[in-house]
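Structure, rendered in structure tokens:
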């Protein structure tokens, strides 16, 4: 088996791996805002229904859906939009460059989720195993 | 046809978009280390070539440029993915700051690592020099 075949066979699986990792990372941000776990000084303990709390709710629900791969594309699309929103209200006003406004993570998340919205969740997901809608 | 499947035709192009954005972000991290561009960071003022930071900066500039234009994407992404894995575990004081990436400041490294790992397998997509070269040969 040559390298091209290995890559062709493993690309969909690696898409699932990328999806699961991205979901776990975004879940941290959701959990810390909603539940204060893992505790992170700058984000934890937001007032209920504040802007950050709502962001945390989107990240928690979207992250859980992405993690198991259920309604992957819809969840990823919403999360991608949320990350764009976060970048422009929280990071962009400080500087033009992601290096200085510390928005690199938001940019990368935004485009990873946008890609997952277009590509789906890969084979290791609930979407892949549930019966398809006619 | 489910509405989601209407997105499927754009999948290769979106792969190229993701590749270009990840490449540009990575490139800027390297340029900042070596050339204080686009913004200077005092931590990198006295950078030397044969140090962890110096070599990281070289990998970020060369790898970031290659991935941005999509040339030798798989090889470049493999090296960059490895660099990010090292960066995550090596960065000073990280274990002391906490186990979770959000606490120890390693979230960006984790995400970069897996994005580039995906690019190793997925390749560079249609909007890339790799695709141009394939078409010509």
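Chains as they are written, first to last, in the working numbering: chain A, 727 to 860; chain B, 3 to 139. We put the beta carbon where it would ideally sit given N, CA and C, even for glycine. Just so it is clear, the structure is predicted and the values come from calculations on it, not from any experiment.
Beta-carbon separation of residue i and residue j under 8 Å?
i	j	result
residue 12 of chain B	residue 844 of chain A	yes
residue 746 of chain A	residue 805 of chain A	no
residue 744 of chain A	residue 117 of chain B	yes
residue 9 of chain B	residue 124 of chain B	no
residue 779 of chain A	residue 759 of chain A	yes
residue 40 of chain B	residue 825 of chain A	yes
residue 786 of chain A	residue 847 of chain A	no
residue 104 of chain B	residue 819 of chain A	no
residue 63 of chain B	residue 113 of chain B	no
Do you know how far the Cα of residue j is from the Cα of residue i?
i	j	result
residue 5 of chain B	residue 840 of chain A	16 Å
residue 61 of chain B	residue 788 of chain A	34 Å
residue 808 of chain A	residue 781 of chain A	7 Å
residue 796 of chain A	residue 857 of chain A	12 Å
residue 138 of chain B	residue 734 of chain A	22 Å
residue 851 of chain A	residue 793 of chain A	8 Å
residue 66 of chain B	residue 833 of chain A	16 Å
residue 853 of chain A	residue 739 of chain A	14 Å
residue 86 of chain B	residue 762 of chain A	28 Å
residue 27 of chain B	residue 835 of chain A	12 Å
residue 110 of chain B	residue 83 of chain B	12 Å
residue 767 of chain A	residue 106 of chain B	12 Å
residue 828 of chain A	residue 730 of chain A	37 Å
Following the continuous alpha helix (DSSP H) through residue i, name the residue where it begins and the one where it ends.
i	result
residue 35 of chain B	13–37
residue 85 of chain B	75–92
residue 137 of chain B	131–138
residue 146 of chain B	For chain B, the structure presents residues 3 to 139; residue 146 of chain B sits outside this window and is missing.
residue 112 of chain B	109–124
What runs of the alpha helix (DSSP H), each 4 residues or longer, lie entirely inside the segment 750–806 of chain A? Within the segment 750–806 of chain A, the complete alpha helix (DSSP H) runs of at least 4 residues are 777–794.
Counting only runs of 4+ residues fully inside the segment 807–859 of chain A, write out the alpha helix (DSSP H) ranges in chain order. Within the segment 807–859 of chain A, the complete alpha helix (DSSP H) runs of at least 4 residues fall at 824–827, 830–845, 852–855.
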